[in-house]
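Worksheet for the structure shown next.
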Amino acid sequence: MNSLFKLTSVLLLSSGAITVHAASQSVTINYTLTIPTACSLSNQGTLITKTLPHNGTAVDQSIDVKCNVPYTIQASSVNRAGNNKSNVVNNSNTTLKIPYDITLTGGPIAVNVNGGASASITPSSSTKTDTYNLSAKTASPITLEDYTAGIYTDAVTVEISY
């Protein structure tokens, strides 16, 4: 009987009735991280108030543009008087105007205030931040007695598109 069991086991094993297979499975996981288009203009908020000196001294405002895509930039004044020119206007009498010069410099290219949008700008590769300087000043010192007293204002908007 013992030899019959051995013989049966040998026959079963050699006939393939009991087969052992090695197996493996795998799965591949692809990870994706999408960085959306992002741009920010300065870190000063959306409204900055500056006083234009009457002595002809320039008043400057630094503006940072941080983008991860190409962008255009433009600056325009409410009381425009040509490229890089504008007027502060008396709040009580809009016919009373004082001309002043305004420029937007720095960054990869100069931008004409009131001159439309710049060409497309590729952001700075190392920091992704481009710094511009908006500078305003009267062409020469103002003799205060020559102008009607009051508050004279203008607004310049700097805008990026991307």
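Mapping of the sequence shown onto mature numbering (1 follows the signal peptide of the UniProt record, and there is no 0): residues -22 to -1, 1 to 140, in sequence order. Built from N, CA and C at the ideal position, the CB exists for glycine as well. Keep in mind it's a predicted model, so treat the numbers as computed, not measured.
Legend entry - For T81, the nearest candidate out of P101, I41 and I120 (CA to CA): As a working note, residue 81 is residue 103 in the sequence shown. Minimum Cα distance to T81 is reached at I41.
Legend entry - Beta-carbon contacts of T50 that lie in its chain and below 8 Å, excluding the five residues immediately before and after: Taking the first residue of the sequence shown as position 1, residue 50 is located at position 72. Only A95, S96, A97, S98, I99, I138, S139 and Y140 meet the Cβ criterion.
Legend entry - Any 3 or more C-beta pairs closer than 8 Å across the stretch 8 to 23 and the stretch 72 to 90: no
Legend entry - G84, enclosing beta strand (DSSP E) - first and last residue: Position 106 of the sequence shown, counted from the first residue, corresponds to residue 84. K75 to G84 is the extent of the beta strand (DSSP E) around G84.
Legend entry - Three CB pairs or more closer than 8 Å across the stretch 122 to 132 and the stretch 57 to 67: yes
Legend entry - Cβ neighbours of L(-12) in the same chain (closer than 6 Å, five flanking residues each side left out): Here residue -12 is taken as the residue at index 11 of the sequence shown, counted from 1. Residue placement at L(-12) cannot be trusted, given a pLDDT of 49 that sits under 50; the coordinates are not used to answer.
Inset, instruction - List the residues that DSSP assigns as beta-bridge partners of S102. - result: For the purposes of this step, residue 102 is identified with residue 124 of the sequence shown, where counting begins at 1. Answer is none; S102 lacks a bridge partner.
Legend entry - Unbroken beta strand (DSSP E) run spanning A114, endpoints: Residue mapping note: residue 114 aligns to position 136 of the sequence shown, counting from 1. T107 to K115 is the span of the beta strand (DSSP E), which, as asked, contains A114.
Legend entry - Coil, strand or helix - L(-12) by DSSP: Start at 1 with the first residue of the sequence shown, and residue -12 comes out as number 11. Because the pLDDT of L(-12) is 49, which lies under 50, any placement of that residue in the model is unreliable, and the question is left without a value.
Inset, instruction - Pick out whichever of Q22, T35, V91 and T83 has its Cα sitting closest to the Cα of N57. - result: Position 79 of the sequence shown, counted from the start, is the residue given in the question as residue 57. When each option's Cα is compared against that of N57, the closest is V91.
Inset, instruction - Starting from K44, follow the beta strand (DSSP E) in both directions and report where the run begins and ends. - result: In the sequence shown, the residue the question calls residue 44 occupies position 66. Element bounds for K44: V37 to C45.
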